[in-house]
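K.L.:
Here the sequence shown stands for residues 21 to 375, numbered as in the working numbering. Don't be surprised by glycine CBs; every beta carbon is placed ideally from N, CA and C. I'd like to ask some things about the structure below.
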Amino acid sequence: MIYHVFVDRFYPGEGRDWLQVDDLNEFCGGTLGGVKEKLGYIEGLGADCIWLSPVFCSGTHHGYDVTDYAHVEPRLGGGEALHELIEAAHQRGIRVILDIALNHLSVNHPIFQEALNHPDSPYRDWFTFDDSETGYEAYFGIATMPKVNAANPAAREWLIDVGRYWLTEFKVDGFRLDVADGPGPDFWVDFWTACKAIKPDCFCFGEVVDAPETQQQYIGRLDGLLDFALCDGFRRTFARKVMSFDELERFQARHQQAFPDDFLMLSFIDNHDMNRFLFLAGGERMAIRKAAEYQFSLPNPPVIYYGTEIGLTQVARPNEGWGLHLNRVPMQWGAGADDSLHAFYKRLIAERKRR
Numbered sequence: 021m022i023y024h025v026f027v028d029r030f031y032p033g034e035g036r037d038w039l040q041v042d043d044l045n046e047f048c049g050g051t052l053g054g055v056k057e058k059l060g061y062i063e064g065l066g067a068d069c070i071w072l073s074p075v076f077c078s079g080t081h082h083g084y085d086v087t088d089y090a091h092v093e094p095r096l097g098g099g100e101a102l103h104e105l106i107e108a109a110h111q112r113g114i115r116v117i118l119d120i121a122l123n124h125l126s127v128n129h130p131i132f133q134e135a136l137n138h139p140d141s142p143y144r145d146w147f148t149f150d151d152s153e154t155g156y157e158a159y160f161g162i163a164t165m166p167k168v169n170a171a172n173p174a175a176r177e178w179l180i181d182v183g184r185y186w187l188t189e190f191k192v193d194g195f196r197l198d199v200a201d202g203p204g205p206d207f208w209v210d211f212w213t214a215c216k217a218i219k220p221d222c223f224c225f226g227e228v229v230d231a232p233e234t235q236q237q238y239i240g241r242l243d244g245l246l247d248f249a250l251c252d253g254f255r256r257t258f259a260r261k262v263m264s265f266d267e268l269e270r271f272q273a274r275h276q277q278a279f280p281d282d283f284l285m286l287s288f289i290d291n292h293d294m295n296r297f298l299f300l301a302g303g304e305r306m307a308i309r310k311a312a313e314y315q316f317s318l319p320n321p322p323v324i325y326y327g328t329e330i331g332l333t334q335v336a337r338p339n340e341g342w343g344l345h346l347n348r349v350p351m352q353w354g355a356g357a358d359d360s361l362h363a364f365y366k367r368l369i370a371e372r373k374r375r
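Here is the structure:
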């Protein structure tokens, strides 16, 4: 049972206020110390694993454009805060997984800057420079996120060493691998093997937003993937109501057969890159209950995105246009939380653990 925490939006810590809550593209002030203070809440919900949004040095609120893979972002509390959080979580029997982007990094990363400004640099081939508008391959063409050339042996080993470092130095329990289809299946064979050599029970699962036929390429190369097709089924059936429950069950029966039992397809109804389920459902709480009930009846390891369990939603902001940041609202503590929905989730999780 995985609880997905977006660190900057979860909790600033006792005695600290949010920095601001109006501009969701800027920092709101959540910290790793704040997560540690709320471990009792996470444990009480029934989660036994926390998936943290990226904690590496970065100049953005989301952290997927890393400027330094060897250190924790000071704004979030730095390395000491992460050590303390992991130790406290482990004492409660809760595992901690880091979200990491190895497909791309920040345009401000020193290695990329050297490669960009010095054509004879040994790092030049760590990236793919071309005649495009940006001048190099980048994640979705976004100039601030140059793509790492994982086919280069030196770059490949460097990325694998990043995984080794966090498993060894911080005792993390695994990784959620952002844009896992970027480096491709072959890269993850080497990465996964290296991680398992250090910590055999570490859990490495990827983000591959593609058809099951493509996702099957990662069987035997990772422990599992996030199940985006199933998420779409949840949302089409319970939130948008354009798919019947019978259709969902038939889809799930076929879909489940596409993957072996030991390749874990993680279920979720919400994440940080899509409109919140409750917003999509027009605020209908019963829709969440029905979706969660079905989600927790399946064998897939379930993921809860922070706040879904208390009815956290988002608001339409026409002046801001469409943006992934709109669902990353600060967690509501106390007033505003749906205690009945929270209790419902606790019962679902407890019942699942008894099965």
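From what residue to what residue does the beta strand (DSSP E) around SER78 run?
P.N.:
76–78 is the span of the beta strand (DSSP E), which, as asked, contains SER78.
K.L.:
Cα-Cα, which of GLU63, ALA101, ILE120 and HIS103 is closest to THR87?
P.N.:
Looking at the Cα atoms, ILE120 is the closest of the given residues.
K.L.:
Rounded to whole angstroms, what's the CA-CA distance from LEU156 to ARG176? Just pull it up for me.
P.N.:
First, the amino acid is wrong: residue 156 is Tyr here, not Leu. Using only the alpha carbons, I get a separation of about 18 Å.
K.L.:
Compute the Euclidean distance between the alpha carbons of HIS124 and ALA108, then round it to the nearest angstrom.
P.N.:
Distance between the alpha carbons of HIS124 and ALA108: 31 Å.
K.L.:
Count Cβ pairs between the stretch 104–118 and the stretch 127–143 that sit closer than 8 Å; are there 3 or more?
P.N.:
Contact fails: fewer than three Cβ-Cβ distances are below 8 Å.
K.L.:
In the DSSP assignment, find the unbroken alpha helix (DSSP H) run with ASP181 in it and report its ends.
P.N.:
173–189 is the span of the alpha helix (DSSP H), which, as asked, contains ASP181.
K.L.:
ILE308 and GLY66: beta carbons closer than 8 Å?
P.N.:
Against a cut-off of 8 Å, the Cβ pair of GLY66 and ILE308 comes out as no contact.
K.L.:
Less than 8 Å separating the beta-carbons of VAL25 and TRP71?
P.N.:
Their beta carbons are under 8 Å apart, which means VAL25 touches TRP71 by this criterion.
K.L.:
Please report how far the alpha carbon of ALA275 lies from the alpha carbon of ASP140, in whole angstroms.
P.N.:
It is worth fixing the name first, because residue 275 is His in this sequence and not Ala. When rounded, the distance between both Cα atoms is 49 Å.
K.L.:
Name the residue from ALA312, MET21, CYS215 and TYR89 whose alpha carbon lies nearest to the alpha carbon of GLU63.
P.N.:
Comparing Cα-Cα distances from GLU63 to each of ALA312, MET21, CYS215 and TYR89, the minimum goes to MET21.
K.L.:
Assuming contact is defined by CB atoms lying nearer than 8 Å, are LEU286 and LEU246 in contact in what I supplied?
P.N.:
Yes, they are a contact pair.
K.L.:
Since HIS91 is in the beta strand (DSSP E), which residue starts that stretch and which ends it?
P.N.:
Start and end: 86–92.
K.L.:
Using 8 Å as the Cβ pair cut-off and three pairs as the minimum, do the stretch 304–322 and the stretch 244–260 touch?
P.N.:
Yes: at least three Cβ pairs fall under 8 Å.
K.L.:
Among the candidates TYR84, ASN347 and LEU284, whose CA atom is the shortest distance from the CA of LEU300?
P.N.:
Closest by alpha carbon: ASN347.
K.L.:
Between which two residues does the alpha helix (DSSP H) containing PHE2 stretch?
P.N.:
Nothing in the structure corresponds to residue 2, since the chain is present only between 21 and 375.
K.L.:
How many Å lie between PRO166 and GLU227 at the Cα?
P.N.:
Cα to Cα, the separation comes out at about 18 Å.
K.L.:
Give a yes or no on whether the C-beta atoms belonging to PHE207 and ALA163 are separated by under 8 Å.
P.N.:
No.
K.L.:
Is the stretch 263–280 touching the stretch 323–331, taking contact as three or more C-beta pairs under 8 Å?
P.N.:
Not touching, per the Cβ criterion.
K.L.:
Do you know how far the Cα of GLU189 is from the Cα of VAL209?
P.N.:
In a straight line, the C-alpha of VAL209 is about 22 Å away from that of GLU189.
K.L.:
If LEU197 and CYS224 are in contact, beta carbons under 8 Å, what's the gap, nearest whole angstrom?
P.N.:
So it is a contact: roughly 6 Å between Cβ atoms.
K.L.:
Once DSSP output is grouped into helix, strand and coil, what is the label at LYS310?
P.N.:
It is helical.
K.L.:
Evaluate MET306 with the Cβ neighbour count: other Cβ atoms within 10 Å of its Cβ, from every protein chain shown; 16 or more gives buried, anything less gives exposed.
P.N.:
When all chains shown are included, MET306 counts as exposed.
K.L.:
Using the three-state DSSP reduction, which class does TYR325 fall into: helix, strand or coil?
P.N.:
Residue state, collapsed to three classes: strand.
K.L.:
According to the neighbour-count rule (16 or more other Cβ atoms, all chains shown, within 10 Å of its Cβ), is GLN272 buried or exposed?
P.N.:
The residue in question, GLN272, is buried, as its Cβ has 16 or more Cβ neighbours within 10 Å.
K.L.:
Hey, how far is the Cα of GLY356 from the Cα of HIS292?
P.N.:
Going by the C-alpha atoms only, they are around 20 Å apart.
K.L.:
Out of GLY204, VAL41, GLY183 and TYR89, state which residue places its alpha-carbon closest to the alpha-carbon of PHE195.
P.N.:
The candidate whose alpha carbon is nearest that of PHE195 is GLY183.
K.L.:
In the DSSP assignment, the beta strand (DSSP E) including ASP198 goes from what residue to what residue?
P.N.:
It spans 194–198 - the beta strand (DSSP E) in which ASP198 sits, taken as one unbroken run.
K.L.:
For GLN277 and LYS373, what's the separation of their Cα atoms in angstroms?
P.N.:
Approximately 24 Å between the Cα atoms of the pair.
K.L.:
If you run the structure through DSSP and keep just helix, strand and coil, what is ILE369?
P.N.:
Correct three-state label for ILE369: helix.
K.L.:
Within 10 angstroms of its Cβ, does PRO32 collect 16 or more other Cβ (buried), or is it exposed?
P.N.:
Classification of PRO32: buried, given that the 10 Å Cβ count is 16 or more.
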